[in-house]
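If you're matching them up, the sequences are chains A and B in order. Count along the first sequence starting at 1, add 16, and that's the number in my numbering. Count along the second sequence starting at 1, add 63, and that's the number in my numbering. Every residue gets a Cβ at the ideal spot worked out from N, C-alpha and C, and that includes glycine. The next block holds one structure in the form of structure tokens; read it before the comments.
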Amino acid sequence: AQTVTQSQPEMSVQEAETVTLSCTYDTSENNYYLFWYKQPPSRQMILVIRQEAYKQQNATENRFSVNFQKAAKSFSLKISDSQLGDTAMYFCAFMKGNAGNNRKLIWGLGTSLAVNP
Amino acid sequence: DTGVSQDPRHKITKRGQNVTFRCDPISEHNRLYWYRQTLGQGPEFLTYFQNEAQLEKSRLLSDRFSAERPKGSFSTLEIQRTEQGDSAMYLCASSSGTGVSPLHFGNGTRLTVT
């Protein structure tokens, strides 16, 4: 069975600075996908970034980037130039990549990030 | 793209009552998911539909829970004889059937059982 671990329940960062959120996972699969989702206080879950396991290049979306270390089963999220609107719960999630699976996500417990002015 | 819509946003009910939630996915999405989330936890998978077929149901879903997606469009989640432990946020998400498309979530329905 797959598991996802986020070891930082809470983090804080000053506006405009950089913060890194950690995520590790355990799987015997070789083909899979990893995601970071953001859940602001309004509660709607929003996709931040995704990474395909077969890609060596780390995914980047504007101020958000990941450090994907497949051998170490690590998938950290870096937020650069933090903004007040980045304040949210951040969830790391895993999905098996085999064709035909139901695309079910396995979630970590989340990291609560506070961006301070 | 109007996004995933869930109704109601909040529901307060007394223990033992039945409740029903509705989810309208993004129109071209054929996959629909229900998750449950309690405070301080990540979402827990409940069930999954591809079109109108319910393809997987979590062991978390007791026989008091039932979900339908009769025409492959909107879905309903019903909880019978609610218990206080059912209090949670119920999230609906949808995705397209092509490749590994990301899940798009609704705002959720917050259930409080008193």
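Pull up the DSSP beta-bridge partners for residue i, would you.
i	result
E119/B	Y111/B
D87/B	S68/B
K120/A	K120/A is not bridged to any residue.
R99/B	E107/B and Y153/B
Y48/A	K112/A
M105/A	Q55/A and S128/A
T19/A	D42/A
K94/A	T36/A and S81/A
Taking the beta strand (DSSP E) that residue i belongs to, which residues open and close that run?
i	result
K51/B	Any property of residue 51/B remains undetermined from this structure, which presents chain B solely from 64 to 177.
D42/A	T40 to D42
L174/B	T172 to V176
T86/A	Note on residue identity: the sequence assigns Lys, not Thr, to residue 86/A. Element bounds for K86/A: n/a, residue is neither H nor E.
H73/B	H73 to T76
T68/A	Looking at the sequence shown, residue 68/A is not Thr but Glu. Segment I62 to E68, the beta strand (DSSP E) holding E68/A.
S28/A	E26 to Q30
Whole-angstrom Cβ separation of residue i and residue j, contact assumed at under 8 Å?
i	j	result
T76/B	V67/B	Their Cβ separation, rounded to whole angstroms, is 23 Å, which puts T76/B and V67/B out of contact at 8 Å.
S98/A	E33/A	6 Å
Check whether the segment 86-96 of chain B touches the segment 98-108 of chain A, taking contact to mean three or more Cβ pairs, one atom from each stretch, closer than 8 Å.
A contact is defined here as three or more CB-CB pairs under 8 Å, and the segment 86-96 of chain B fails this definition with respect to the segment 98-108 of chain A.
Below 8 Å, can you find three or more Cβ-Cβ pairs linking the segment 94-101 of chain B to the segment 145-162 of chain B?
Cβ pair count under 8 Å is three or more, so yes.
Please determine if the segment 84-94 of chain A and the segment 32-43 of chain A are in contact, where contact requires at least 3 C-beta pairs separated by less than 8 Å.
A contact exists between the segment 84-94 of chain A and the segment 32-43 of chain A.
What residues in the segment 81-113 of chain A bring their beta carbon closer than 7 Å to a beta carbon of chain D?
Within the model displayed, chain D is absent; protein chains A and B are what it includes.
Contact between the segment 140-150 of chain B and the segment 41-49 of chain A (3+ Cβ pairs under 8 Å):
The segment 140-150 of chain B is not in contact with the segment 41-49 of chain A.
Is it the case that the segment 56-76 of chain A contacts the segment 164-173 of chain B, given that we only count it when at least three CB pairs across the two stretches are under 8 Å?
The segment 164-173 of chain B makes contact with the segment 56-76 of chain A: 3 or more CB pairs, one atom from each, lie closer than 8 Å.
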